[in-house]
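Right, one structure below, let's go through it.
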Amino acid sequence: MDFTFSEFIQQLWIARGSIAYGLGVTMAIAASAIVLGTVLGIGVGLALTYGGRPLRWLARGYTDFLRGTPVLVLVLAGYYVPSAIGIGLSPLQAGVLALAVFCSSHVGEIVRGALQAIPKGQMDAAKAIGLTFRQTFASVLMPLALRQVLPAWVNTAAEIVKASTLLSVIGVGDLLLASQEIIARTFMNLPFYFLAGFLYFSINFSIERFGRFVERKTTIPS
């Protein structure tokens, strides 16, 4: 279907509320899943690194299973499985849960690798001055691991933003679904998909810049 740029601007103005709402939903989904997944992933990484053998096996099975499962399958499972056992989750809640557990499996591996790269002498020194494990983790291990975690964490966060587009299949009114509804009404496929892609890129670019900002702040001066 042929259209002019002015017609696209007109339709964009008409649909501005839907686009803004969908963008807000996408940002809320991504932020919630990244925060929850990061917190859970830190726990998984600690279990993989310092847990007893049964706990390490459990954490290893958790990460391997989730990392090897397509995100779409996790989203559908997060939506249908809880309802099958009597747990009522909204599509938004189910989607955030699915993305959070997927994020946690990747963050867990990232944290495990970073912690194992820290020289054992750092832990021994913390024990020698009487620090508990919690104090050692907060004051010694995590600050050292943060510099190694950040680049991979930024990549994982960007993947979660992109994976959030899959939530439209369970009826979550995110940016992609809003764009598809506008396209169905206007038949302006290319410009609205391009606009959605630009907005997704903007979110990921902001995450990347935030990661670089934190990386600069945590760099040890030479």
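Residue numbering for the sequence shown is 357 to 578, as defined by my numbering.
Cβ coordinates follow ideal geometry from the N, Cα and C atoms, glycine included.
This structure is a prediction, so every number in the text was calculated from the model and none was measured.
- Beyond the five residues adjoining it in sequence on each side, Val452 comes within less than 8 Å, by CB distance, of Ile385, Ser388, Ala389, Leu392 in the same chain, given in chain order.
- Contact between the segment 436 to 444 and the segment 459 to 474 is not established, with fewer than three Cβ pairs separated by less than 8 Å.
- By the criterion of a C-beta distance shorter than 7 Å, Leu555 is surrounded in its chain by Leu379, Leu531, once the five residues flanking it on both sides are discounted.
- Between the C-alpha atoms of Val381 and Gly407 there is a straight-line separation of about 37 Å.
- Straight-line measurement puts the Cα of Leu428 at about 25 Å from the Cα of Pro507.
- The segment 419 to 433 makes no contact with the segment 494 to 507; the number of CB pairs closer than 8 Å stays below 3.
- Less than 8 Å divides the Cβ of Leu404 from the Cβ of Gly464.
- Here Ala470 really is in contact with Gln504; their C-beta atoms are around 4 Å apart, less than 8 Å.
- In this model, Met383 and Gly486 are separated by some 43 Å (Cα to Cα).
- Counting only runs of 4 or more residues that sit fully inside the segment 429 to 503, the alpha helix (DSSP H) segments are 447 to 472, 476 to 484, 489 to 492, in chain order.
- Rounded to whole angstroms, Gly417 and Val400 show a C-alpha spacing of 11 Å.
- In the three-state reduction of the DSSP assignment, Asp530 falls in the coil class, being assigned neither a helical nor a strand state.
- Straight-line spacing of the CA atoms in Gln536 and Asn560 works out to 21 Å.
- Distance from the CA of Ala540 to the CA of Leu533, rounded to the nearest whole angstrom, comes to 10 Å.
- Of Ala552, Gly397, Phe566, Ile516, the smallest CA-CA separation from Val467 is found for Gly397.
- Shown here for Leu522: same chain residues with a beta carbon closer than 7 Å to its own, the five before and five after excluded, namely Val427, Leu428, Val431 in chain order.
- Secondary structure note for Gly424: it is in no alpha helix (DSSP H), with a DSSP letter that is neither H nor E.
- For the options Val496, Phe359, Thr488, Arg490, the alpha carbon positioned closest to that of Gln478 is the one of Val496.
- Per DSSP, reduced to three states, the secondary structure at Gly399 is helical.
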